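Under my numbering, the first residue of the sequence shown carries the number 8, and numbering increases by one thereafter. For each residue, glycine too, the CB sits at the ideal point set by N, CA and C. Please read these numbers as outputs of a predicted model, since none were measured by experiment. One structure is given below, encoded as structure tokens.
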Amino acid sequence: MEKDIINVALIGHTGEGKTTLAEAMLYHAKAIDRMGKVADGTTVMDYDEQEIQRKISISLACAYLEWKGNKLNIIDVPGFFDFEGEMIEALSVCDCALVVLSAQGSISVGSQKAIDYCIERKIPLMIFINQMDKENADYLSTIGALKERYKGKIAPIEIPIMEGSKMKGYINVFEGKAYHFSEGGAEEVPLSGELSDEYQNIKLQLTEAAAESDDELLEKYFAEGSLSDEEIIAGIKKGIAAGSAIPVLAGSGINNKGIINLLDAIVKCMPSYSEKGKVKAIDESGAEIELDAAEDAPFSAFVFKTIADPFVGKMNLFKVMSGRVRGGMTVYNSAKEKQERINNILILKGKKQEIVDGLSAGDIGAFAKLQYTGTGDTLCNPSRKVKFPPLEFPQPVLSMACYAVKQGEEDKIFGGLARLNEEDVTFSVTKNRDTNEILINGMGETHIDVIAKKLKAKFGAEMAVKEPKVSYKETIRSVALAEGKHKKQTGGHGQYGHVKMRFEPYPDGEFVFDEEVVGGTVPKQYFPAVEKGLRESIQKGILARYPVINLKAVLYDGSYHEVDSSEESFKIAAHLAFKDGLSKANPVLLEPIYRIEVIVPEEYIGDIMGDLNKRRGKIQGMESAEKGQKISAEVPLAEISKYATDLRSITQGRGFFSMEFLRYEEVPRELADKIIAQSKSE
Numbered sequence: 008m009e010k011d012i013i014n015v016a017l018i019g020h021t022g023e024g025k026t027t028l029a030e031a032m033l034y035h036a037k038a039i040d041r042m043g044k045v046a047d048g049t050t051v052m053d054y055d056e057q058e059i060q061r062k063i064s065i066s067l068a069c070a071y072l073e074w075k076g077n078k079l080n081i082i083d084v085p086g087f088f089d090f091e092g093e094m095i096e097a098l099s100v101c102d103c104a105l106v107v108l109s110a111q112g113s114i115s116v117g118s119q120k121a122i123d124y125c126i127e128r129k130i131p132l133m134i135f136i137n138q139m140d141k142e143n144a145d146y147l148s149t150i151g152a153l154k155e156r157y158k159g160k161i162a163p164i165e166i167p168i169m170e171g172s173k174m175k176g177y178i179n180v181f182e183g184k185a186y187h188f189s190e191g192g193a194e195e196v197p198l199s200g201e202l203s204d205e206y207q208n209i210k211l212q213l214t215e216a217a218a219e220s221d222d223e224l225l226e227k228y229f230a231e232g233s234l235s236d237e238e239i240i241a242g243i244k245k246g247i248a249a250g251s252a253i254p255v256l257a258g259s260g261i262n263n264k265g266i267i268n269l270l271d272a273i274v275k276c277m278p279s280y281s282e283k284g285k286v287k288a289i290d291e292s293g294a295e296i297e298l299d300a301a302e303d304a305p306f307s308a309f310v311f312k313t314i315a316d317p318f319v320g321k322m323n324l325f326k327v328m329s330g331r332v333r334g335g336m337t338v339y340n341s342a343k344e345k346q347e348r349i350n351n352i353l354i355l356k357g358k359k360q361e362i363v364d365g366l367s368a369g370d371i372g373a374f375a376k377l378q379y380t381g382t383g384d385t386l387c388n389p390s391r392k393v394k395f396p397p398l399e400f401p402q403p404v405l406s407m408a409c410y411a412v413k414q415g416e417e418d419k420i421f422g423g424l425a426r427l428n429e430e431d432v433t434f435s436v437t438k439n440r441d442t443n444e445i446l447i448n449g450m451g452e453t454h455i456d457v458i459a460k461k462l463k464a465k466f467g468a469e470m471a472v473k474e475p476k477v478s479y480k481e482t483i484r485s486v487a488l489a490e491g492k493h494k495k496q497t498g499g500h501g502q503y504g505h506v507k508m509r510f511e512p513y514p515d516g517e518f519v520f521d522e523e524v525v526g527g528t529v530p531k532q533y534f535p536a537v538e539k540g541l542r543e544s545i546q547k548g549i550l551a552r553y554p555v556i557n558l559k560a561v562l563y564d565g566s567y568h569e570v571d572s573s574e575e576s577f578k579i580a581a582h583l584a585f586k587d588g589l590s591k592a593n594p595v596l597l598e599p600i601y602r603i604e605v606i607v608p609e610e611y612i613g614d615i616m617g618d619l620n621k622r623r624g625k626i627q628g629m630e631s632a633e634k635g636q637k638i639s640a641e642v643p644l645a646e647i648s649k650y651a652t653d654l655r656s657i658t659q660g661r662g663f664f665s666m667e668f669l670r671y672e673e674v675p676r677e678l679a680d681k682i683i684a685q686s687k688s689e
């Protein structure tokens with residue numbers, strides 16, 4: 008491998024400067040000639056039309072730079088909650104993560120979630136406190152908040168030099184030198200007075216953190232009371248890899264302050280792919296194995312993202328996990344069990360693509376126009392078939408009914424959605440058989456809105472969305488006798504069917520048909536026609552045309568005509584009896600009840616329980632959970648159709664929930680009257 012490759016994901020809360028920081032890193036490494044701005048829509052990473060309009064990242068983007076003999080692949084990740092899937096994709100292939108946190112004196116929700124995600128999955132982590140040039144910047148409070156939440160892990164490796172609320176320079180703790188920012192770059196200044204005392208204090212903390220990560224260093228520290236700068240760096244690097252140390256730096260992406268120090272710290276402290284040594288995979292028998300993460304090993308790669316473009320075609324972003332890939336190779340897709348021929352291999356710098364001859368283990372690139380390959384697939388040497396674990400995405404939390412704005416464009420809509428689903432697997436399209444609505448299921452309102460806008464921009468198909476109908480049902484509460492007679496004389500053969508029915512509640516199932524006919528008043532040959540007529544009838548009830556459930560229908564009498572009776576006549580007679588009988592049997596409207604489990608930090612319990620009560624929820628219990636308190640409740644679906652949005656608002660994004668269908672229950676009378684009236688008006 009010519010250069011050490013370090014793959015870094017920039018993650019954190021939306022609006023805290025990840026894309027701007029990526030731009031500054033690329034600019035300082037001379038990977039770009041000038042710095043673009045998010046506000047102007049000119050950055051390398053935010054190039055999609057939707058990103059430029061909204062001024063937020065909505066898809067991950069890749070670029071690379073070279074710094075002091077290392078190649079850094081930077082993946083800029085959206086911070087908005089609706090695009091969590093992009094973070095999961097990026098972190099599946101990154102060797103480390105850089106959390107970009109605004110110097111606001113606290114930890115924003117998105118950054119907290121990102122840090123927790125990395126700690127849980129043992130992803131090496133560094134924090135950059137950004138926007139230090141803002142008027143209300145508060146470095147010390149931000150560090151204090153980090154230390155409070157992540158006790159024993161936070162290791163500042165520089166000290167900002169402040170002038171009022173502005174950062175005018177920094178002390179590099181590894182070097183023991185102070186620098187002021189100037190027009191020509193950072194200038195060294197004397198380290199004296201309070202700065203010297205602060206440096207000694209932080210250096211001591213850093214030395215202790217380095218010693219605690221390595222037994223040999225700990226012995227030396229106890230014996231000699233100090234460690235060399237090289238030993239401190241080595242110890243901190245071990246601590247980062249083990250997850251016991253999280254180094255922290257500060258600066259300003261938009262004003263290019265602290266960027267060189269950040270790049271230096273990444274190559275000094277963060278693990279490169281070559282240091283990984285081994286990578287876990289699954290062989291053909293399903294057994295877990297370890298592959299050599301080296302250039303001379305058999306080829307394997309993991310596809311972590313797909314980009315669908317109607318003009319360029321499909322692009323698959325991948326990371327080479329072992330070996331080397333070259334143009335012209337034939338590889339095996341172990342997920343689809345198909346062979347693919349590699350044509351062009353691309354490296355990306357935002358939307359710009361460069362064709363390369365090949366890429367080695369650890370590097371990130373893109374394949375163009377593969378036939379079968381999609382996100383989460385493994386490509387490998389056909390003679391050494393392996394598979395990497397699939398990506399695990401959160402389930403969609405919001406469903407909206409979708410339809411074509413222009414009649415006749417339905418095929419265009421759903422074809423476009425299928426293409427977009429290749430690049431964004433966190434949404435799905437399903438059909439509700441009860442309401443006949445097509446549902447788009449996503450991570451939030453913004454997510455679904457972005458999909459609709461992309462659909463129009465990329466495929467010229469205009470999709471509208473609305474709140475989906477609730478799958479109400481109808482049933483009866485009492486027994487009723489009914490009669491249905493269909494008699495029609497049209498010249499020649501007439502039509503004659505006559506049934507007497509008993510309708511009764513049937514709690515053990517959706518529908519059952521039975522007969523108690525005595526003396527052949529209705530011949531057996533017409534029983535199936537009667538049942539068929541009833542099964543068609545229960546698709547639309549008499550109250551609001553919703554399906555009827557929990558119904559038993561018994562044919563007990565009737566009459567027929569030897570010439571005029573037919574299956575169709577008895578079908579119609581059964582339908583007439585159904586309408587007559589259900590109107591007499593105390594018909595009621597039913598609504599779906601869901602079990603919902605909400606996990607929130609303790610301070611939101613009162614708000615959540617009050618909110619669930621307003622939604623006609625019945626609280627079932629509360630218990631401690633890993634990330635707070637879990638509240639269980641039973642709630643009508645009609646009251647929680649947009650619960651994902653509301654929960655996010657109530658808890659500032661700190662709560663999450665799951666739900667599952669339980670049963671149907673009777674709708675309260677006053678609500679049922681409104682639903683029936685609305686159905687009739689429609």
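Original post:
Rounded to the nearest angstrom, how far is the Cβ of residue 565 from that of residue 529, given a contact under 8 Å?
Top reply: 4 Å
Subject >> Same chain only: Cβ atoms within 8 Å of residue 500, ignoring 5 sequence neighbours per side >> reply: 570, 571
**OP:** Measuring alpha carbon to alpha carbon, tell me which of 573, 23, 516 ends up nearest residue 495.
**Re:** 573
Original post:
From residue 399 to residue 619, what distance separates their C-alpha atoms?
Top reply: 29 Å
Original post:
For residue 441 versus residue 305, is the C-beta distance shorter than 9 Å?
Top reply: no
**OP:** State buried or exposed for residue 138, treating a residue as buried only when at least 16 other CB atoms are found within 10 Å of its CB.
**Re:** buried
Original post:
Span of the beta strand (DSSP E) holding residue 457?
Top reply: Taken as a continuous stretch (DSSP letters only), residue 457 belongs to no beta strand (DSSP E), being part of the alpha helix (DSSP H) at 452-466.
**OP:** Run the CB neighbour count on residue 287, radius 10 Å, all protein chains shown included, and call it buried at 16 or more, exposed below.
**Re:** exposed
Original post:
Which class does residue 375 belong to by DSSP, given the choice of helix, strand or coil?
Top reply: strand
Subject >> Proximity of residue 353 and residue 68 at Cβ, strictly below 9 Å >> reply: no
**OP:** Provide the residue span of the alpha helix (DSSP H) that contains residue 538, from first to last.
**Re:** 534-544
Subject >> Span of the alpha helix (DSSP H) around residue 276 >> reply: Counting along the chain, the alpha helix (DSSP H) containing residue 276 begins and ends at 266-276.
Subject >> C-alpha gap between residue 342 and residue 466, whole angstroms >> reply: 28 Å
**OP:** Within the region 555-611, note down every full beta strand (DSSP E) run reaching 3 residues or more, in order along the chain.
**Re:** 558-566, 594-607
Original post:
residue 16 by DSSP, collapsed to three states: which one?
Top reply: For residue 16, the secondary structure class from DSSP, reduced to helix, strand or coil, is strand.
Original post:
Can you list, in chain order, the stretches of the beta strand (DSSP E) that have 3 or more residues and sit fully within the region 347-400?
Top reply: 352-356, 359-363, 365-367, 371-375, 385-387
**OP:** Using alpha carbons as the reference points, say which of 153, 131, 567 lies closest to residue 278.
**Re:** 131
**OP:** Determine the contact status of residue 248 and residue 319, defining contact as a CB-CB distance below 9 Å.
**Re:** no
**OP:** Could you work out which residue in 232, 81, 42, 134 is closest to residue 262 when comparing CA atoms only?
**Re:** 42
Subject >> Secondary structure of residue 519, DSSP reduced to three states >> reply: strand
**OP:** Grab the span of the alpha helix (DSSP H) containing residue 4 for me, first residue to last.
**Re:** Coverage of the chain is limited to positions 8 through 689, which leaves residue 4 absent and any answer about it impossible.
Subject >> Beta-carbon spacing of residue 145, residue 110 below 9 Å >> reply: yes
**OP:** Identify, in the order they occur along the chain, each residue of the same chain with its Cβ nearer than 8 Å to the Cβ of residue 626, setting aside the five sequence neighbours on each side.
**Re:** 616, 619, 620, 638, 639, 640
Original post:
Taking Cβ to Cβ, would you say residue 14 is nearer than 9 Å to residue 101?
Top reply: yes
Original post:
Where are the alpha helix (DSSP H) runs, 4 residues long or more, that stay fully inside the region 81-124, in chain order?
Top reply: 91-98
Subject >> Rounded separation between residue 106 and residue 608 - CA only >> reply: 22 Å
**OP:** Indicate the three-state DSSP secondary structure (helix, strand or coil) for residue 411 in the structure shown.
**Re:** Annotated three-state conformation of residue 411 is strand, per DSSP.
Subject >> Where the beta strand (DSSP E) containing residue 256 begins and where it ends >> reply: 253-257
Original post:
Where do the N-terminal and C-terminal ends of the beta strand (DSSP E) with residue 433 fall, by residue?
Top reply: Note, residue 433: premise wrong, no beta strand (DSSP E); not H, not E.
**OP:** Can you grab the Cα-Cα spacing for the pair residue 676 / residue 611, in whole Å?
**Re:** Going by the C-alpha atoms only, they are around 33 Å apart.
Original post:
Distance, Cα to Cα, residue 8 vs residue 281?
Top reply: Bear in mind that the predicted position of residue 8 carries a pLDDT of just 40, short of 50, making it too unreliable to give a figure here.
Subject >> Where residue 280 sits in the DSSP three-state scheme >> reply: helix
Original post:
Less than 9 Å separating the beta-carbons of residue 29 and residue 65?
Top reply: The beta carbons of residue 29 and residue 65 sit no closer together than 9 Å.
Original post:
In angstroms, rounded to a whole number, what distance separates the CA positions of residue 147 and residue 164?
Top reply: 14 Å
**OP:** With DSSP collapsed to three states, give me the class of residue 8.
**Re:** Summary for residue 8: the model assigns pLDDT 40, below 50, so the residue's position carries little reliability; its value from the coordinates is reported in the next sentence. Note: residue 8 maps to coil in three-state DSSP.
**OP:** Could you have a look at residue 79 and say whether DSSP puts it in helix, strand or coil?
**Re:** Of the three classes helix, strand and coil, the one that applies to residue 79 here is strand, per DSSP.
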